[in-house]
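Read the structure below first, then the notes.
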Amino acid sequence: MNSRVVFLAEVAIMSALSIILGLISFRGLWAQGGSVSLEMIPIFLMAFRRGLKGGLLTGLVVGLLQLLLNPIAGAHPVSILLDYPLAFMAAGFAGLFSVAPNATTKQRTKSIVFGIFFGSLLRLVCHYISGVVFFGSYAPDNMNPYIYSLLYNISYMIPVAMITLITFLFLTNTAPKILHGSNKGVSSAA
Amino acid sequence: MLENVIIGQYVPGRSILHRLDPRSKLISVFLFVFIVFLANNWVTYGLLGLFTAVAIVVSQVPLRFLYKGLRPILIIVLFTFALHIFMTKGGALLFQFGWLKIYEQGVVQGSFISFRLIFLVLVTSLLTLTTTPIDITDGLEQLLGPLKRIKLPVHEFALMMSIALRFIPTLLKETEKIMKAQMARGVEFTSGPIKERIKAFIPLLVPLFISSFKRAEELALAMEARGYRGGEGRTKLRILKWGMGDSILIAVLLILTISLFLLRS
């Protein structure tokens, strides 16, 4: 079978799954501002499974779908771009750290920790710049948007990254073939 | 946990705005989010308000749907309004209470910024309220078509979006089914310490991922069997039609842009 079409279908289905997992959130814990949900998991999964290209594409599709389906921050053109397509795509850079399916447990753990840290950091940077632009254009001139934006965005990014990281550390043991890809195709992995 | 969720915001209808070509709506909204920043006095904000109001009336979308879109940013609007009132100084002193001083400039600036936010959110929500996600995707594909020349995979990208949109309801049902099956086995998704709750999601995620990847493989197989060979020469079931209304909408936007340039101070 043409592997390009399979790749395309995987990106599409995983993006859909990300939208659904985005509905499952731990709202009870972070009541105000930024929801902490599982939507990052499919993006990181594709990044680890299919490498950089898989991660970036899935992130981009997820970001645009989020923008189409639940836009809340249609408040500034630059922040629309940064908060949706670019932020989620940035998370896909975790794909830089993907490892071969036959890597040792230690290598896999390392790739997961670095990948999720790096992806989350880049996503944070996007939201941070967006916050600065947004706040800078709406707040009075004598306010400092830099610290406010950083604090606000860190407040939900750290829990999101932690939850995603813990999930992946569980997943790498229970379902290594899904997570790190398998050249034998999916049916055998399942 | 997932019962009764509504994904997307589309409100079905037969209004003029609903029937417009998604391309003209996309271009207009794109233009609008930039020209909003041109306004800087009462006349220009009045024009933007008039445009927004007319668009809302024409769309025939019930106001409660618009309010739902506006609600998340109302706090931001109030917050920025308050910031401006107390921190922007200039103009006549309107009100004084101890150290609290409210200046004319603060009220004016605060209202302008609030209006800007509200107009932006209303107009962008009107797009998603009157256009189905799939139509927006089709429109985007067409508008970004020229980028194919520089080897950007616009078609593949639009296809992935469409597949994702098509499969969201299917996967939602699947997720619900697996969740219920695991809950019947005693898994707690909504209570307990955080680490236990994350752990509880593993028996949900693994079957979900396996079935999703299987679905992707089957889909790819089905596409191949039907001769899918990429975007070159592919035809469409529904073809977008650019009508008179679309040209009028673009013309209105252009007139609005020019007026804003002329009337801003």
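Note that the protein sequences, when read in sequence, are chains A and B. Quick note: the first sequence uses our numbering, first residue 245, plus one each step. Quick note: the second sequence uses our numbering, first residue 3, plus one each step. Every residue, glycine too, gets a C-beta built ideally from N, C-alpha and C.
Quick one: using the 10 Å Cβ neighbour count with 16 as the cut-off for buried, is residue i buried or exposed?
i	result
Met-225 of chain B	buried
Lys-27 of chain B	buried
Asn-388 of chain A	exposed
Tyr-2 of chain B	Within the shown structure, residues of chain B are numbered from 3 to 267, placing residue 2 of chain B beyond reach of any answer.
Ser-1 of chain B	Summary: the structure shown does not reach residue 1 of chain B, with chain B confined to residues 3 through 267, and so no result is reported for it.
Gly-100 of chain B	exposed
Val-249 of chain A	buried
Gly-188 of chain B	exposed
Ala-433 of chain A	Low per-residue confidence applies at Ala-433 of chain A: pLDDT is 40, beneath 50, and the placement is therefore not dependable enough to give any value.
Tyr-390 of chain A	exposed
Thr-349 of chain A	exposed
Tyr-47 of chain B	buried
Met-246 of chain B	exposed
Per DSSP, which residues does residue i bridge with? Please list them.
i	result
Gln-98 of chain B	B:Lys-103
Glu-26 of chain B	The amino acid occupying residue 26 of chain B in the given sequence is Ser; Glu does not appear at that position. Paired residue(s): none; Ser-26 of chain B is not in a bridge.
Report the option in the options whose CA atom is closest to the CA atom of residue i.
i	options	result
Phe-378 of chain A	B:Gln-107, B:Ile-104, B:Leu-119, B:Val-59	B:Leu-119
Val-125 of chain B	B:Asp-23, B:Arg-231, B:Leu-265, B:Gly-51	B:Gly-51
Asp-248 of chain B	B:Leu-256, B:Ile-260, B:Asp-23	B:Asp-23
Gly-266 of chain A	A:Ile-257, A:Leu-252, A:Met-284, A:Glu-254	A:Met-284
Cys-370 of chain A	A:Tyr-396, A:Ala-383, A:Ala-334	A:Ala-334
Gln-310 of chain A	B:Glu-178, B:Pro-14, B:Lys-197, B:Leu-167	B:Leu-167
Tyr-372 of chain A	A:Ala-347, A:Thr-408, A:Tyr-392, A:Ile-264	A:Tyr-392
Val-208 of chain B	B:Met-181, B:Glu-190, B:Pro-195, B:Ile-104	B:Met-181
Leu-304 of chain A	A:Arg-293, A:Ala-256, A:Arg-294	A:Ala-256
Lys-243 of chain B	B:Arg-21, B:Val-123, B:Glu-234, B:Thr-192	B:Arg-21
Thr-408 of chain A	B:Ala-253, B:Ile-204, B:Lys-216	B:Ile-204
Lys-201 of chain B	A:Pro-345, A:Leu-366, A:Leu-415	A:Leu-415
My understanding is that residue i touches residue j, with C-beta atoms under 8 Å, so please give their C-beta distance in whole angstroms.
i	j	result
Phe-67 of chain B	Leu-131 of chain B	6 Å
Leu-252 of chain A	Glu-158 of chain B	6 Å
Gln-184 of chain B	Leu-206 of chain B	6 Å
Phe-362 of chain A	Phe-337 of chain A	6 Å
Val-35 of chain B	Pro-329 of chain A	Actually they are not in contact, since the Cβ atoms of Val-35 of chain B and Pro-329 of chain A sit about 15 Å apart, beyond 8 Å.
Ser-214 of chain B	Leu-173 of chain B	7 Å
Phe-121 of chain B	Thr-54 of chain B	5 Å
Thr-177 of chain B	Ala-160 of chain B	Actually they do not touch by this definition, with Cβ atoms about 25 Å apart.
Ile-165 of chain B	Ile-263 of chain A	Contact flag wrong, Cβ pair sits at about 12 Å.
Arg-25 of chain B	Leu-145 of chain B	6 Å
Ala-41 of chain B	Arg-266 of chain B	7 Å
Ser-281 of chain A	Ser-323 of chain A	With 8 Å as the limit, Ser-281 of chain A and Ser-323 of chain A do not qualify as a contact, their Cβ atoms being about 20 Å apart.
Phe-332 of chain A	Ile-287 of chain A	6 Å
Val-56 of chain B	Leu-19 of chain B	With a Cβ gap of about 10 Å, Val-56 of chain B and Leu-19 of chain B do not count as contacting.
May I ask you to list, following chain order, the residues of the region 211-234 of chain B that have a beta carbon less than 7 Å from some beta carbon of chain A? Within the region 211-234 of chain B, the residues whose Cβ lies closer than 7 Å to some Cβ of chain A are Phe-211, Ile-212, Ser-214, Phe-215, Lys-216, Arg-217, Ala-218, Glu-219, Leu-221, Ala-222, Leu-223, Met-225, Glu-226, Tyr-230, listed in chain order.
With 8 Å as the C-beta to C-beta threshold (strictly closer), list the residues of the region 401-424 of chain A near chain B in chain order. Correct list: Ile-407, Ile-410, Thr-411, Phe-414, Leu-415, Thr-418, Ala-419, Ile-422.
Anything in the region 360-377 of chain A with a Cβ closer than 8 Å to a Cβ of chain B? List those residues in chain order, please. The residues in question: there are none.
Output needed in chain order: residues of the region 248-261 of chain A with a Cβ under 9 Å from some Cβ in chain B. Of all residues in the region 248-261 of chain A, Arg-248, Val-249, Val-250, Phe-251, Leu-252, Ala-253, Glu-254, Val-255, Ala-256, Ile-257, Met-258, Ser-259, Ala-260, Leu-261 have a Cβ within less than 9 Å of some Cβ in chain B.
Taking Cβ-Cβ distances below 7 Å as the criterion, which residues of the region 39-68 of chain B are in contact with chain A? Within the region 39-68 of chain B, no residue qualifies.
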